[in-house]
Amino acid sequence: MFKKIFWLVGVIFLPLAIGFFIYSCAPKKESAQKPEEKKEEVAKEVVKQEAGEEKIEVTGELAKPKLTLTREGALVVADFDTCKKPNNVGGDFGAWNKDPSDFTQGCFDSFVSTIKHGDEGCSIQLMYDVDSPNPAYNGFWMKLQGIDISDYKALSFWVKGDEMRGFTKVFKVELKNTKFSWDRPSAGNMGRYYVTEVTKDWKEIVIPLDKFAGLEDKTSLAEFTIVFEDRIATKKEGAIYIDDIAFLK
Ligand SMILES: [Ca+2]
Ligand SMILES: [Ca+2]
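Throughout the sequence shown, residue numbering follows the working numbering, covering -17 to 231 in sequence.
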């Protein structure tokens, strides 16, 4: 009787024990992951979560619109080719900071003639720092002077990460129309999109305008904005270059 029970216990527990031993010896995927990769995944997750709330589709890749786009008749907003203000539609631009009194965070813009997309003039360099003990976000704003983009299909611009200073692969782009009001910021009239694939090389980002959920009226645009955020930046301090901001038909 006891022998039978002993034998039964052996049959049930021995394979379990062997299984557990093999499992505990197997290399853990989790620990093999570099902290940097983990951070990127977290950033992507935040992007997904935010996108879910806003009902914006974010694939985590460069937007690949199934639109047929043409550069003919493109509305160039800023090519920075004069290396001075204003932009091509007569609008002012500059860096903005959430908390100018917090010197541990900030964003600075400057014209750069040595690194640019195309042969002429300049690009704009954005040096940002969202590494602060306080909540930190900042970026770049550009006035669009009420341009009508209702005949256009996509926003396009070129971006390059600064290899020497480092750069975030993720940042936010916003388009606001003149109907935007700070009294009712959640009422719409601002669309946002997360760029997630910045590299060290110049790369064109093409965002179909229908991805800017919330931007209902496209007949009068007020502002183009870039936002660096401590929560989602894959690198909290660095620099990126922006050039040739345009709307494509
Ligand atoms: Ca340029
Ligand atoms: Ca800092």
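Backbone N, C-alpha and C fix where the C-beta goes; we use that ideal spot for every residue, glycine too.
- Asp226 is positioned such that its CB atom lies no closer than 9 Å to that of Asp111.
- A distance below 9 Å separates the beta carbons of Asp74 and Lys125.
- Less than 9 Å separates the beta-carbon of Val180 from that of Val141.
- For Asp226, the secondary structure class from DSSP, reduced to helix, strand or coil, is strand.
- Leaving aside the five residues that flank Val209 on each side, the residues in its chain whose CB is nearer than 7 Å to its CB run, in chain order, Tyr119, Gly121, Phe153, Lys154, Glu156.
- In the DSSP secondary-structure assignment, Val209 is bridged to Gly121, Lys154.
- Here DSSP, grouped into helix, strand and coil, assigns Leu108 to strand.
- Of Ile97, Asp113, Lys98, Lys67, the smallest CA-CA separation from Gln87 is found for Asp113.
- Closest in C-alpha terms to Gly196, from the list Gly173, Lys182, Ile187, comes Gly173.
- Lys218 has its CB nearer than 8 Å to a heavy atom of ligand 2.
- A distance filter of 7 Å between CB atoms and the heavy atoms of ligand 1 selects the following residues in sequence order: Asp61, Phe62, Asp63, Lys98, His99, Gly100, Glu102, Gly103, Cys104, Ser105, Asp225, Asp226.
- For Lys193, the secondary structure class from DSSP, reduced to helix, strand or coil, is helix.
- Sequence-distant partners of Ala215 (beyond 5 residues in either direction) whose C-beta falls short of 6 Å from its own C-beta, in its chain, are Val112, Thr150.
- The C-beta distance from Val177 to Ala136 rounds to 13 Å, too long to fall under 8 Å, and the pair is not in contact.
- Secondary structure at Gln127: strand, using DSSP grouped into helix, strand and coil.
- When DSSP states are grouped into helix, strand and coil, Lys218 belongs to the coil group.
- If you ignore the 5 residues before and after Asp130, its C-beta comes within less than 6 Å of the C-beta of Thr201, all in its own chain and listed in chain order.
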